[in-house]
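Visitor: So the protein lines, in turn, are chains U and B.
Following the working numbering, the numbering of the first sequence begins with 2 at its first residue and continues without gaps.
Following the working numbering, the numbering of the second sequence begins with 2 at its first residue and continues without gaps.
There are 2 protein chains.
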Amino acid sequence: MVKGNKYGTHRVIEPKGTLPQPALKISNDTVIFDNEILIDVDYLNIDSASFSQLKEEAGGDVGKIKTKILEIVQERGKMQNPVTGSGGMLIGRVKMIGKDLRDKIELNVGDKIASLVSLSLTPLKIEKIIAINPDIDRVEIKGKAILFESGIYAKLPEDMANTLALAALDVAGAPAQVKSLVKEGDHVLILGATGKSGLMCSYMAKKMVGKRGKVIGQARNETRADFLKKTKFCHETIIADVLNPINVLEEVLKANDGVEVDVAINCLSIPNSELSSILPVKDNGIVYFFSMATSFTKAALGAEGIGKDVTMIIGNGYTKNHAQITLDLLRESDTLRRIFEEKYSN
Amino acid sequence: MVKGNKYGTHRVIEPKGTLPQPALKISNDTVIFDNEILIDVDYLNIDSASFSQLKEEAGGDVGKIKTKILEIVQERGKMQNPVTGSGGMLIGRVKMIGKDLRDKIELNVGDKIASLVSLSLTPLKIEKIIAINPDIDRVEIKGKAILFESGIYAKLPEDMANTLALAALDVAGAPAQVKSLVKEGDHVLILGATGKSGLMCSYMAKKMVGKRGKVIGQARNETRADFLKKTKFCHETIIADVLNPINVLEEVLKANDGVEVDVAINCLSIPNSELSSILPVKDNGIVYFFSMATSFTKAALGAEGIGKDVTMIIGNGYTKNHAQITLDLLRESDTLRRIFEEKYSN
Chain U
2 MVKGNKYGTH RVIEPKGTLP QPALKISNDT VIFDNEILID VDYLNIDSAS FSQLKEEAGG
62 DVGKIKTKIL EIVQERGKMQ NPVTGSGGML IGRVKMIGKD LRDKIELNVG DKIASLVSLS
122 LTPLKIEKII AINPDIDRVE IKGKAILFES GIYAKLPEDM ANTLALAALD VAGAPAQVKS
182 LVKEGDHVLI LGATGKSGLM CSYMAKKMVG KRGKVIGQAR NETRADFLKK TKFCHETIIA
242 DVLNPINVLE EVLKANDGVE VDVAINCLSI PNSELSSILP VKDNGIVYFF SMATSFTKAA
302 LGAEGIGKDV TMIIGNGYTK NHAQITLDLL RESDTLRRIF EEKYSN
Chain B
2 MVKGNKYGTH RVIEPKGTLP QPALKISNDT VIFDNEILID VDYLNIDSAS FSQLKEEAGG
62 DVGKIKTKIL EIVQERGKMQ NPVTGSGGML IGRVKMIGKD LRDKIELNVG DKIASLVSLS
122 LTPLKIEKII AINPDIDRVE IKGKAILFES GIYAKLPEDM ANTLALAALD VAGAPAQVKS
182 LVKEGDHVLI LGATGKSGLM CSYMAKKMVG KRGKVIGQAR NETRADFLKK TKFCHETIIA
242 DVLNPINVLE EVLKANDGVE VDVAINCLSI PNSELSSILP VKDNGIVYFF SMATSFTKAA
302 LGAEGIGKDV TMIIGNGYTK NHAQITLDLL RESDTLRRIF EEKYSN
């Protein structure tokens, strides 16, 4: 066999010149290239926007959902919902590793992995759908998938339930980015500190700032603030309305001896919180937006409007070793693990 | 008098707790606080979206536009178009500097300046509208405006026409950001290198990378590529379709000895160019989005989809000394100055 393109463009059938994700049809031939990995797939975790659409179209009929999934994969060579454009992730076991990759990656035939790139770009061939569990958007199949050289994945650990690992991997980018951004002695604001990624980021930030630093976690009400205080993930907890930047600024200044913070991390899931992230940060500081509800123009014009010379970073879902870094946090902190088990893994 | 809030919240009348930009009404009292600057205004350069709306509403009648502008400023205390939400900038002379700022800023009474924060947040009182020039969205007035402590402005230079200075100041953030991002020896890709901000960024990048570095400018066709080559602002010029990431990657690799670049700077004005900016950059490299057409989610999910560990930065319209840095480029390069005089200042 020969070497394929790192990003999988060699498998794009239509239209030529695009990447596998925007492509309409890709090849799901199970003969792999020298820099590909073949997976025996056990489960597809369909993205929730996609699964809702499939359920609705099928009027809730599981048989019809099954037929539709088979049709999509037959037609496109990947499980990308044609209406929502989205995919999901898969769980499976490594069947074969292309010879160019064998000594370069820490993966062996037989390892159980979760793919961390979207199904919307992953070549997939379904032999048979075994079962569909509509409550958790999960499809049990017999089939094969291919990971490209650029594809990212995580070995599923032996010491925790798959559901727990998946819940953590879902937000893996955030704590890994915090690890590389936050320096010892920094004063850090976490907006949305009580949510899934907010908790991970708070815990990681507190580790990174050390004894001289400070982590300030924002919660939206008393109940959530009490919950956050009990975790001890932050040095200070503030209650503030993220839609009111002046309120956020004032509460941060109160909690930080009247000084602006070095880094603000936005882990919120609601729009219009750009200025609340920018305003409490000192000049030459960093604002890190992990929220998918962030507006590029509101951030850019917001900072200009108040004359703030801050570096604003678009949260990248991928960082080197992000899966390992994140799973290690669950191993390290019983509190974090217990919260994730209770709230996010089912 | 007393000290006001750095961001001008002390002048917000309605609704309380907001910043001056989103506020419906702010105070345009011309008695200044100790950390404010009073300006004798000569011209308002109304933002083009706003002026188009005013023209349309008035059916092109200059008298009606005049009445409408007076009404808006009377009601809101600032020239913020209630339909578009946008403002513009002003040109005037410094009338008075609050005592807390006098020794802190390089500005003297009588200096001619352009405000670089939006009129949508600047307290303004119009005594009289002298003339309206609808062709260049310009309103000549007698009136006063106030700049807050956080307000940014530029002294208009003696050695160039106001129109030339304004054209350059309009994109001042970009080259100033390039100056701080790009390091000696870097290989840099400029997408949209033939446009207003692209030319500035190319010129600045070539200065910064020095002899060991390389600047690769992208143009969309032969004509534009020829124009770019003649400027000598880039070491290499490529012709590539920014809506085709693979095409961009291939052309960059050809021009860069098969290696990805350290930094990509997006100066385009069209949407869907996120992947074309991310793909040609090496791991741990930087992608800088200056384009207002950038989609936050497309950038975030795009990088994740191809497993790229790059730092993606939201272009901030403001950086310390950005006006000075940018005007100095026009003084330094006759070629740049001539292009700006011919193409952008009228």
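Think of the CB as a built atom: it goes at the ideal place given N, C-alpha and C, for glycine as much as any other residue.
From a predicted model like this one, the values you see are computed outputs, not experimental measurements.
Going by DSSP in three states, residue 138 of chain U sits in which element: helix, strand or coil?
Guide: To locate residue 138 of chain U, count along the first sequence from 1; it is residue 137. Coil at residue 138 of chain U, not helix or strand.
Visitor: So, at 7 Å on beta carbons, what are the nonlocal neighbours of residue 216 of chain U in its own chain, with the 5 sequence-adjacent residues on each side left out?
Guide: Locating residue 216 of chain U in the first sequence gives position 215, where the first residue counts as 1. Closer than 7 Å at the Cβ level, and outside the excluded window around residue 216 of chain U, lie 189, 191, 203, 206, 207, 210, 235, 236.
Visitor: Can you give me the C-alpha to C-alpha distance between residue 312 of chain B and residue 333 of chain U, rounded to a whole angstrom?
Guide: By 1-based counting over the second sequence, the position of residue 312 of chain B is 311. By 1-based counting over the first sequence, the position of residue 333 of chain U is 332. About 27 Å.
Visitor: Taking buried to mean at least 16 other C-beta atoms within 10 Å of its own C-beta, is residue 49 of chain B buried or exposed?
Guide: On the second sequence, position 48 is the one that residue 49 of chain B refers to. Exposed, by the Cβ-count rule.
Visitor: Under the three-state reduction of DSSP, which class applies to residue 94 of chain B: helix, strand or coil?
Guide: For the purposes of this step, residue 94 of chain B is identified with residue 93 of the second sequence, where counting begins at 1. Of the three classes helix, strand and coil, the one that applies to residue 94 of chain B here is strand, per DSSP.
Visitor: So, for residue 225 of chain U: in the same chain, excluding its five sequence neighbours on each side, which residues have a beta-carbon less than 6 Å away from its beta-carbon?
Guide: To locate residue 225 of chain U, count along the first sequence from 1; it is residue 224. Excluding residues within five positions, the ones whose Cβ falls inside 6 Å are 195.
Visitor: What does residue 190 of chain B pair with, by DSSP beta-bridge criteria?
Guide: Taking the second sequence and counting its residues from 1, one reaches residue 190 of chain B at position 189. Bridge partners of residue 190 of chain B: B:217, B:265.
Visitor: Assess, as a yes-or-no matter, whether the segment 315-323 of chain B is touched by the segment 313-324 of chain U under the definition of 3 or more beta carbon pairs within less than 8 Å.
Guide: Touching, yes, given that three or more Cβ pairs across the two stretches are closer than 8 Å.
Visitor: Could you check what DSSP says for residue 341 of chain B in three-state terms: helix, strand or coil?
Guide: Residue numbering aside, residue 341 of chain B sits at position 340 when the second sequence is read from its first letter. Correct three-state label for residue 341 of chain B: helix.
Visitor: Out of B:116, B:41, B:7, B:30, state which residue places its alpha-carbon closest to the alpha-carbon of residue 323 of chain B.
Guide: Residue 323 of chain B sits at position 322 when you count from the first residue of the second sequence. Looking at the Cα atoms, B:116 is the closest of the given residues.
Visitor: Of all Cβ atoms in chain U, is any one closer than 8 Å to the Cβ of residue 118 of chain B?
Guide: Locating residue 118 of chain B in the second sequence gives position 117, counting from the first residue. It does; some Cβ of chain U falls within 8 Å.
Visitor: In chain order, what residues of the same chain lie with their CB nearer than 6 Å to the CB of residue 218 of chain B, ignoring the 5 residues before and after it?
Guide: Walking along the second sequence from the start, residue 218 of chain B turns up at place 217. Contacts found: 191, 194, 203, 229, 235, 238.
Visitor: Since residue 309 of chain U meets chain B, which of its residues come closer than 9 Å, beta carbon to beta carbon?
Guide: Here residue 309 of chain U refers to the residue found at position 308 of the first sequence. 151, 317, 319, listed in chain order.
Visitor: Could you please give the first and the last residue of the uninterrupted beta strand (DSSP E) stretch that includes residue 14 of chain U?
Guide: The residue you call residue 14 of chain U lines up with position 13 of the first sequence. Segment 13-15, the beta strand (DSSP E) holding residue 14 of chain U.
Visitor: Please state the DSSP three-state secondary structure of residue 289 of chain B.
Guide: To locate residue 289 of chain B, count along the second sequence from 1; it is residue 288. Reduced to three states, the DSSP call for residue 289 of chain B is strand.
Visitor: Suppose you measure from the CA of residue 99 of chain B to the CA of residue 33 of chain B; what does that come to, to the nearest Å?
Guide: Position 98 of the second sequence holds residue 99 of chain B. Position 32 of the second sequence holds residue 33 of chain B. Answer to the nearest angstrom: the Cα atoms are 7 Å apart.
Visitor: Note the first and the last residue of the continuous alpha helix (DSSP H) segment covering residue 304 of chain U.
Guide: Against the first sequence, residue 304 of chain U aligns to sequence position 303. 297-306 is the extent of the alpha helix (DSSP H) around residue 304 of chain U.
Visitor: Could you pull out every residue in the same chain whose Cβ sits closer than 8 Å to the Cβ of residue 282 of chain U, ignoring the five residues on either side in sequence?
Guide: On the first sequence, residue 282 of chain U is found 281 positions in, with the first residue counted as 1. Only 190, 261, 262, 263, 264, 265, 288, 309, 311 meet the Cβ criterion.
Visitor: Counting contacts by CB-CB distance shorter than 8 Å, is residue 123 of chain B in contact with chain U?
Guide: Locating residue 123 of chain B in the second sequence gives position 122, where the first residue counts as 1. No, because no Cβ of chain U sits closer than 8 Å to the Cβ of residue 123 of chain B.
Visitor: Is the segment 29-45 of chain B touching the segment 147-157 of chain B, taking contact as three or more C-beta pairs under 8 Å?
Guide: Enough Cβ pairs lie closer than 8 Å, so yes.
Visitor: According to DSSP, is residue 123 of chain U part of a helix, a strand, or is it coil?
Guide: The residue you call residue 123 of chain U lines up with position 122 of the first sequence. It is coil, neither helix nor strand.
Visitor: Measuring alpha carbon to alpha carbon, tell me which of U:296, U:213, U:270, U:185 ends up nearest residue 221 of chain U.
Guide: Along the first sequence, one-based indexing puts residue 221 of chain U at 220. The residue with the shortest Cα to Cα distance from residue 221 of chain U is U:270.
Visitor: For a test of the three-state rule: what should DSSP assign to residue 282 of chain U, helix, strand or coil?
Guide: Numbered from its first residue, the first sequence carries residue 282 of chain U at position 281. Looking at residue 282 of chain U - three-state DSSP - the assignment turns out to be strand.
Visitor: If you follow the alpha helix (DSSP H) that residue 232 of chain B is part of, which residue opens it and which one closes it?
Guide: Along the second sequence, read from residue 1 onward, the residue named residue 232 of chain B stands at position 231. First-last of the alpha helix (DSSP H) with residue 232 of chain B: 223-232.
Visitor: Straight-line CA distance for residue 268 of chain U to residue 84 of chain U?
Guide: Locating residue 268 of chain U in the first sequence gives position 267, counting from the first residue. Locating residue 84 of chain U in the first sequence gives position 83, counting from the first residue. Taking the straight line from one Cα to the other gives about 28 Å.
Visitor: Does the Cβ of residue 64 of chain U have 16 or more other Cβ atoms within 10 Å, making it buried, or fewer, making it exposed?
Guide: Working through the first sequence from its first residue, we reach residue 64 of chain U at position 63. It is exposed - the Cβ of residue 64 of chain U has fewer than 16 other Cβ atoms within 10 Å.
Visitor: Considering only DSSP beta bridges, list what residue 41 of chain U is partnered with.
Guide: On the first sequence, residue 41 of chain U is found 40 positions in, with the first residue counted as 1. For residue 41 of chain U, which the question treats as bridged, DSSP gives the partners U:94, U:145.
Visitor: Below 6 Å CB to CB, which residues in the same chain sit around residue 141 of chain B once its five sequence neighbours on both sides are set aside?
Guide: The sequence position of residue 141 of chain B within the second sequence is 140, counting from 1. So the list reads 44, 131, 132, once near-sequence residues are dropped.
Visitor: So which residues on chain U does residue 246 of chain B lean against when the C-beta distance must stay under 7 Å?
Guide: By one-based count along the second sequence, residue 246 of chain B stands at place 245. Correct list: 20.
Visitor: Does the count of Cβ pairs from the segment 289-304 of chain U and the segment 270-279 of chain U closer than 8 Å reach three?
Guide: Because the criterion of three Cβ pairs below 8 Å is met, the segment 289-304 of chain U and the segment 270-279 of chain U touch.
Visitor: Does the distance from the C-beta atom of residue 79 of chain U to that of residue 123 of chain U stay below 8 Å?
Guide: As a working note, residue 79 of chain U is residue 78 in the first sequence. As a working note, residue 123 of chain U is residue 122 in the first sequence. Yes, the pair counts as a contact, with Cβ atoms nearer than the cut-off.
Visitor: So, does the CB of residue 327 of chain U fall closer than 8 Å to a CB anywhere in chain B?
Guide: Within the first sequence, numbered from 1, the residue matching residue 327 of chain U stands at position 326. Chain B contact via Cβ: absent.
Visitor: With a 10 Å radius around its C-beta and 16 neighbouring C-beta atoms as the bar for buried, classify residue 61 of chain U as buried or exposed.
Guide: Counting from one through the first sequence, the residue named residue 61 of chain U turns up at place 60. Label assigned to residue 61 of chain U: exposed.
Visitor: Closer than 8 Å between beta carbons: that is the criterion. Which residues of the segment 277-302 of chain B meet it against chain U?
Guide: From the segment 277-302 of chain B, only 280, 284, 290, 293, 295, 296, 297, 298, 300, 301, 302 have a Cβ closer than 8 Å to chain U.
Visitor: At the level of alpha carbons, what is the spacing between residue 88 of chain B and residue 73 of chain B?
Guide: Working through the second sequence from its first residue, we reach residue 88 of chain B at position 87. Working through the second sequence from its first residue, we reach residue 73 of chain B at position 72. Residue 88 of chain B and residue 73 of chain B: Cα-Cα distance of roughly 11 Å.
Visitor: Rounded to the nearest angstrom, what separates residue 120 of chain U and residue 163 of chain U at their Cα positions?
Guide: Within the first sequence, the letter at position 119 stands for residue 120 of chain U. Within the first sequence, the letter at position 162 stands for residue 163 of chain U. About 18 Å.
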